[in-house]
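Notes follow the structure.
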Amino acid sequence: MPYREHDMTVLVVRQEITGADRQWAAQYEPGDVVRYTRGSKTHGIEAGEYARVEHANEKENLVTVKRKNGEQVSYDPRRLHGVTLYRETERGFSQGDRVQFTAPNRERHIANRELGTIEKIDDSGNLQLRLDSGRALAFNIRENPHLDYGYAVTSHSSQGQTADRVLVHIDTERAGEKLVNRRLAYVAVSRGRYDAQVYTNDKGQLAQQLGRDVSHQSAIEASRDSVSSAHTIQPSCTRTQGQEHTQAEGHGISR
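Per the numbering used here, the sequence shown starts with residue 1375, numbered consecutively.
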(Lines of atoms letter the chains of each structure in order from A and count residues from 1; the text may use other names and numbers.)
(Lines give C-alpha, C1' and ligand atoms only; values in the text may rest on other atoms or scores of the structure.)
Protein backbone atom coordinates (compact mmCIF):
# COMPACT_ATOMS: atom_id res chain seq x y z
CA MET A 1 0.00 0.00 0.00
CA PRO A 2 1.54 3.36 -1.02
CA TYR A 3 2.20 5.98 1.62
CA ARG A 4 0.02 9.10 1.67
CA GLU A 5 1.52 12.32 0.28
CA HIS A 6 1.76 15.44 2.40
CA ASP A 7 1.81 18.77 0.54
CA MET A 8 4.46 21.11 1.88
CA THR A 9 5.69 24.57 0.96
CA VAL A 10 9.37 24.73 0.03
CA LEU A 11 11.69 27.37 -1.40
CA VAL A 12 13.13 27.05 -4.90
CA VAL A 13 15.94 29.31 -6.10
CA ARG A 14 15.10 31.61 -9.00
CA GLN A 15 17.87 30.19 -11.16
CA GLU A 16 17.24 32.64 -13.99
CA ILE A 17 18.32 35.56 -11.79
CA THR A 18 22.07 36.21 -11.98
CA GLY A 19 24.21 38.16 -9.54
CA ALA A 20 24.01 41.20 -11.80
CA ASP A 21 20.21 40.87 -12.05
CA ARG A 22 19.85 41.03 -8.27
CA GLN A 23 21.11 44.61 -8.32
CA TRP A 24 17.97 45.82 -10.10
CA ALA A 25 14.52 46.18 -8.58
CA ALA A 26 12.87 45.20 -11.89
CA GLN A 27 13.97 41.61 -11.30
CA TYR A 28 12.19 41.34 -7.94
CA GLU A 29 8.57 40.19 -7.89
CA PRO A 30 6.00 40.58 -5.09
CA GLY A 31 5.86 37.34 -3.14
CA ASP A 32 9.50 36.43 -3.74
CA VAL A 33 11.40 35.33 -0.64
CA VAL A 34 14.79 36.94 -0.09
CA ARG A 35 17.54 35.41 2.02
CA TYR A 36 20.31 37.71 3.25
CA THR A 37 23.45 35.62 3.73
CA ARG A 38 25.51 38.56 4.98
CA GLY A 39 22.80 40.76 6.45
CA SER A 40 22.94 44.54 6.63
CA LYS A 41 23.82 46.70 9.66
CA THR A 42 22.45 49.77 7.87
CA HIS A 43 18.97 48.25 7.56
CA GLY A 44 19.11 46.10 10.71
CA ILE A 45 18.91 42.84 8.76
CA GLU A 46 20.60 39.87 10.42
CA ALA A 47 22.79 37.41 8.50
CA GLY A 48 20.66 34.44 7.42
CA GLU A 49 17.39 36.36 7.78
CA TYR A 50 14.48 35.93 5.36
CA ALA A 51 12.05 38.58 4.10
CA ARG A 52 9.24 38.72 1.56
CA VAL A 53 9.15 41.17 -1.36
CA GLU A 54 6.22 43.56 -1.04
CA HIS A 55 6.97 46.04 -3.83
CA ALA A 56 9.59 46.84 -6.46
CA ASN A 57 10.06 50.43 -7.60
CA GLU A 58 11.84 50.16 -10.95
CA LYS A 59 12.10 53.93 -11.49
CA GLU A 60 13.95 54.61 -8.23
CA ASN A 61 15.49 51.11 -8.08
CA LEU A 62 14.09 50.39 -4.63
CA VAL A 63 12.91 47.08 -3.24
CA THR A 64 10.49 46.98 -0.30
CA VAL A 65 10.48 43.80 1.78
CA LYS A 66 8.52 42.69 4.84
CA ARG A 67 10.50 41.06 7.63
CA LYS A 68 9.13 38.30 9.87
CA ASN A 69 8.51 40.84 12.65
CA GLY A 70 6.21 42.77 10.31
CA GLU A 71 8.62 45.65 9.72
CA GLN A 72 8.92 46.95 6.15
CA VAL A 73 12.34 47.91 4.80
CA SER A 74 13.12 49.67 1.51
CA TYR A 75 16.60 49.65 0.01
CA ASP A 76 18.61 49.93 -3.18
CA PRO A 77 19.54 46.31 -4.09
CA ARG A 78 22.87 47.50 -5.50
CA ARG A 79 24.00 48.19 -1.92
CA LEU A 80 23.30 44.72 -0.50
CA HIS A 81 25.41 41.69 -1.23
CA GLY A 82 25.00 38.00 -0.42
CA VAL A 83 21.34 37.97 -1.46
CA THR A 84 19.45 34.96 -2.85
CA LEU A 85 15.97 35.09 -4.40
CA TYR A 86 13.48 32.23 -3.97
CA ARG A 87 9.96 31.36 -5.03
CA GLU A 88 7.61 29.35 -2.86
CA THR A 89 6.22 26.18 -4.41
CA GLU A 90 4.46 23.00 -3.29
CA ARG A 91 6.03 19.56 -3.03
CA GLY A 92 4.22 16.34 -2.19
CA PHE A 93 6.41 14.28 0.15
CA SER A 94 5.69 10.88 1.63
CA GLN A 95 7.42 8.31 3.79
CA GLY A 96 10.21 6.57 1.86
CA ASP A 97 10.87 9.50 -0.50
CA ARG A 98 14.45 10.33 -1.44
CA VAL A 99 15.12 14.01 -0.77
CA GLN A 100 17.98 16.48 -0.96
CA PHE A 101 18.73 19.75 0.81
CA THR A 102 19.04 22.71 -1.53
CA ALA A 103 20.92 25.02 0.86
CA PRO A 104 23.41 24.46 3.67
CA ASN A 105 22.41 24.75 7.32
CA ARG A 106 25.36 25.32 9.64
CA GLU A 107 23.38 24.98 12.86
CA ARG A 108 22.19 21.49 11.94
CA HIS A 109 25.41 20.58 10.11
CA ILE A 110 23.62 20.02 6.80
CA ALA A 111 25.59 20.36 3.57
CA ASN A 112 24.14 21.72 0.35
CA ARG A 113 22.72 18.87 -1.78
CA GLU A 114 23.04 16.36 1.05
CA LEU A 115 20.78 13.37 0.43
CA GLY A 116 18.50 11.41 2.71
CA THR A 117 15.30 9.36 3.01
CA ILE A 118 12.08 10.37 4.78
CA GLU A 119 11.29 7.93 7.59
CA LYS A 120 8.35 9.80 9.15
CA ILE A 121 6.20 12.75 8.09
CA ASP A 122 2.92 14.36 9.19
CA ASP A 123 0.48 17.04 8.08
CA SER A 124 2.02 19.61 10.44
CA GLY A 125 5.26 19.59 8.45
CA ASN A 126 7.29 17.51 10.88
CA LEU A 127 9.84 15.26 9.18
CA GLN A 128 12.25 12.61 10.36
CA LEU A 129 15.03 11.84 7.88
CA ARG A 130 17.83 9.33 7.69
CA LEU A 131 20.73 10.97 5.88
CA ASP A 132 22.92 8.90 3.58
CA SER A 133 25.71 9.43 6.10
CA GLY A 134 23.62 7.43 8.59
CA ARG A 135 22.70 10.40 10.81
CA ALA A 136 19.08 10.84 11.91
CA LEU A 137 17.57 14.30 11.54
CA ALA A 138 14.23 15.72 12.69
CA PHE A 139 12.85 19.19 11.87
CA ASN A 140 9.77 21.09 10.75
CA ILE A 141 9.64 22.19 7.11
CA ARG A 142 8.97 25.79 8.21
CA GLU A 143 12.35 25.80 10.00
CA ASN A 144 14.19 24.58 6.90
CA PRO A 145 12.17 24.92 3.67
CA HIS A 146 15.20 24.15 1.47
CA LEU A 147 14.14 20.61 0.58
CA ASP A 148 13.42 18.93 -2.75
CA TYR A 149 13.19 15.50 -4.33
CA GLY A 150 16.46 13.60 -4.37
CA TYR A 151 15.90 11.05 -7.13
CA ALA A 152 18.13 13.00 -9.54
CA VAL A 153 20.98 15.43 -8.93
CA THR A 154 23.16 17.61 -11.13
CA SER A 155 26.63 16.44 -12.08
CA HIS A 156 28.10 19.26 -10.00
CA SER A 157 26.12 18.18 -6.93
CA SER A 158 27.15 14.55 -7.32
CA GLN A 159 30.86 15.26 -6.82
CA GLY A 160 32.20 13.24 -3.91
CA GLN A 161 29.21 10.86 -3.97
CA THR A 162 29.06 7.28 -5.19
CA ALA A 163 26.26 4.88 -6.12
CA ASP A 164 26.12 1.31 -7.37
CA ARG A 165 24.60 2.46 -10.66
CA VAL A 166 24.09 5.87 -12.25
CA LEU A 167 21.97 7.14 -15.14
CA VAL A 168 23.28 10.26 -16.87
CA HIS A 169 21.07 12.41 -19.12
CA ILE A 170 22.81 14.84 -21.49
CA ASP A 171 21.03 16.92 -24.14
CA THR A 172 23.71 18.09 -26.58
CA GLU A 173 21.43 20.75 -28.08
CA ARG A 174 20.86 22.57 -24.79
CA ALA A 175 24.30 22.49 -23.18
CA GLY A 176 27.33 24.55 -24.12
CA GLU A 177 31.00 23.79 -23.64
CA LYS A 178 30.92 25.03 -20.04
CA LEU A 179 28.54 22.20 -19.17
CA VAL A 180 29.34 19.35 -21.54
CA ASN A 181 33.06 18.61 -21.65
CA ARG A 182 35.74 16.18 -20.48
CA ARG A 183 35.28 17.26 -16.88
CA LEU A 184 31.58 16.35 -16.98
CA ALA A 185 32.41 12.96 -18.48
CA TYR A 186 34.72 12.14 -15.61
CA VAL A 187 32.55 13.47 -12.78
CA ALA A 188 29.23 12.04 -13.98
CA VAL A 189 30.35 8.61 -15.10
CA SER A 190 32.79 7.87 -12.30
CA ARG A 191 30.06 8.18 -9.64
CA GLY A 192 28.89 4.62 -10.37
CA ARG A 193 30.64 1.72 -8.66
CA TYR A 194 29.45 -0.99 -11.04
CA ASP A 195 27.54 0.58 -13.90
CA ALA A 196 26.90 3.91 -15.64
CA GLN A 197 24.48 4.49 -18.50
CA VAL A 198 24.35 7.69 -20.54
CA TYR A 199 21.18 8.82 -22.35
CA THR A 200 21.52 11.47 -25.05
CA ASN A 201 19.83 12.81 -28.17
CA ASP A 202 22.94 12.38 -30.37
CA LYS A 203 25.73 9.95 -29.49
CA GLY A 204 28.04 11.22 -32.23
CA GLN A 205 27.75 14.81 -31.09
CA LEU A 206 28.07 13.73 -27.47
CA ALA A 207 31.38 11.96 -28.05
CA GLN A 208 32.79 15.10 -29.66
CA GLN A 209 31.56 17.38 -26.89
CA LEU A 210 32.78 15.15 -24.07
CA GLY A 211 36.25 15.30 -25.60
CA ARG A 212 36.50 19.06 -25.03
CA ASP A 213 39.11 20.07 -22.50
CA VAL A 214 38.14 23.31 -20.71
CA SER A 215 40.86 23.23 -18.07
CA HIS A 216 43.75 25.69 -18.04
CA GLN A 217 46.85 23.58 -18.37
CA SER A 218 50.41 24.38 -17.46
CA ALA A 219 53.31 23.11 -19.55
CA ILE A 220 53.84 20.22 -17.10
CA GLU A 221 50.15 19.26 -17.10
CA ALA A 222 50.04 19.25 -20.90
CA SER A 223 52.71 16.56 -20.93
CA ARG A 224 50.38 14.30 -18.94
CA ASP A 225 47.70 14.22 -21.63
CA SER A 226 48.95 10.92 -22.97
CA VAL A 227 48.46 9.38 -19.52
CA SER A 228 44.92 10.72 -19.04
CA SER A 229 43.92 9.53 -22.51
CA ALA A 230 44.31 5.98 -21.27
CA HIS A 231 41.18 6.55 -19.17
CA THR A 232 38.94 7.49 -22.09
CA ILE A 233 35.56 5.77 -21.93
CA GLN A 234 34.99 3.26 -24.71
CA PRO A 235 31.23 3.18 -25.37
CA SER A 236 29.10 0.44 -26.85
CA CYS A 237 25.85 1.94 -28.07
CA THR A 238 22.26 0.85 -28.47
CA ARG A 239 19.10 2.86 -29.18
CA THR A 240 16.20 3.04 -26.77
CA GLN A 241 12.93 5.02 -26.86
CA GLY A 242 14.16 7.46 -29.49
CA GLN A 243 17.32 8.37 -27.65
CA GLU A 244 20.89 7.24 -27.99
CA HIS A 245 21.84 5.03 -25.06
CA THR A 246 25.48 4.52 -24.19
CA GLN A 247 26.73 2.12 -21.54
CA ALA A 248 30.16 2.99 -20.25
CA GLU A 249 32.42 0.00 -19.77
CA GLY A 250 35.69 -0.44 -18.00
CA HIS A 251 37.47 2.71 -16.87
CA GLY A 252 35.78 4.74 -14.17
CA ILE A 253 33.04 2.21 -13.43
CA SER A 254 34.22 -0.79 -11.42
CA ARG A 255 35.79 -0.15 -8.07
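Each residue gets a CB set at the ideal place from its N, CA and C atoms; glycine is no exception.
How long is the line joining the alpha carbons of Asp-1381 and Arg-1388, rounded to whole angstroms?
21 Å
Within 10 Å of its beta-carbon, does His-1332 have 16 or more other beta-carbons around it, so buried, or fewer, so exposed?
The structure shown does not extend to residue 1332, since the chain is modelled only from 1375 through 1629, so no value can be given for it.
Can you say whether Pro-1376 is buried or exposed, counting buried as having 16 or more other CB atoms within 10 angstroms of its CB?
exposed
Among Val-1437, Ala-1425 and Leu-1505, whose alpha-carbon lies nearest the alpha-carbon of Glu-1445?
Ala-1425
Evaluate contact between the region 1418–1434 and the region 1484–1504, counting only Cβ atoms and requiring at least three cross-stretch pairs below 8 Å.
no
How is Ile-1419 classed by DSSP in three states: helix, strand or coil?
Correct three-state label for Ile-1419: strand.
Take the Cβ of Ala-1570 as the centre, count every other Cβ of all protein chains shown within 10 Å, and call the residue buried at 16 or more, exposed below.
With 16 or more Cβ atoms within 10 Å of its Cβ, Ala-1570 is classed as buried.
DSSP three-state call for Thr-1620: helix, strand or coil?
Since pLDDT at Thr-1620 reaches only 49, below the 50 mark, its modelled position is unreliable, and no value is offered.
How would you call Glu-1390, buried or exposed, if buried means at least 16 neighbouring beta carbons within 10 angstroms?
exposed
Report yes if the CB atom of Glu-1379 is closer than 8 Å to the CB atom of Gly-1466, and no otherwise.
Taking 8 Å as the Cβ cut-off, Glu-1379 and Gly-1466 qualify as a contacting pair.
Classify Arg-1412 as buried or exposed, calling it buried when 16 or more other Cβ atoms lie within 10 Å of its own Cβ.
exposed
Just to confirm the assignment: which complete beta strand (DSSP E) runs, minimum length 3, are found wholly within the region 1449–1534?
1457–1467, 1472–1475, 1489–1495, 1500–1505, 1510–1514 and 1521–1523
Whose C-beta lies closer than 7 Å to the C-beta of Asn-1479 among residues of the same chain, with five residues either side of it excluded?
Within the same chain, and ignoring the five residues on either side of Asn-1479 in sequence, the residues whose Cβ sits closer than 7 Å to its Cβ are Asn-1518.
Output yes or no for whether 8 Å exceeds the beta carbon distance between Ala-1400 and Glu-1434.
With respect to the 8 Å criterion, Ala-1400 and Glu-1434 are not classified as neighbours on the basis of their beta carbons.
Name the one or two DSSP bridge partners that Thr-1342 has.
With the chain running from 1375 to 1629 in the structure shown, residue 1342 is simply not present.
Take the Cβ of His-1543 as the centre, count every other Cβ of all protein chains shown within 10 Å, and call the residue buried at 16 or more, exposed below.
exposed
Does DSSP put Asp-1381 in a helix, a strand or coil?
strand
Which residue wins for smallest C-alpha separation from Ala-1526, given the options Thr-1416, Gln-1469 and Glu-1488?
Glu-1488
Decide if Lys-1442 is buried, meaning its Cβ has at least 16 other Cβ atoms within 10 Å, or exposed.
exposed
Any idea what DSSP makes of Tyr-1424, helix, strand or coil?
DSSP places Tyr-1424 in strand when its eight states are reduced to three.
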